[in-house]
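A.B. asks: Numbering (this note's numbering), first residue to last: 950 to 1050. Every residue, glycine too, gets a C-beta built ideally from N, C-alpha and C. The model shown is predicted, which means the values in this text are computed figures rather than measured ones. Let me give you the structure first, and then I'll get to my questions.
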């Protein structure tokens, strides 16, 4: 019983709040109408000329480096040895017989 009263009260509050919709009022737009143009103003005076910029200093050139020393000559290699008494004989290829006709 106590839950049914609470549920009914919540349902009634939601129902009544859903029906109440506030009206949105938009303000009227203000339109400005321009008047006639006024007279042209006087021309302004010319500004002063600026001072010229200063010239930068030139950098110095560096000194040339020293030449490196020459390297040592390498050691001479040993003399080659003579071959032994071995002789290698490569046989000639065998003759291929001509095909029979």
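Once DSSP output is grouped into helix, strand and coil, what is the label at residue 994?
C.D. replies: Reduced to three states, the DSSP call for residue 994 is coil.
A.B. asks: According to DSSP, is residue 1030 helix, strand or coil?
C.D. replies: Coil at residue 1030, not helix or strand.
A.B. asks: Looking at the structure shown, is residue 962 part of a helix, part of a strand, or coil, going by DSSP?
C.D. replies: Reduced to three states, the DSSP call for residue 962 is helix.
A.B. asks: Is the closest heavy atom of the ligand SAM to the C-beta of residue 1013 under 6 Å?
C.D. replies: Of ligands this structure carries none, so the ligand SAM is not represented either.
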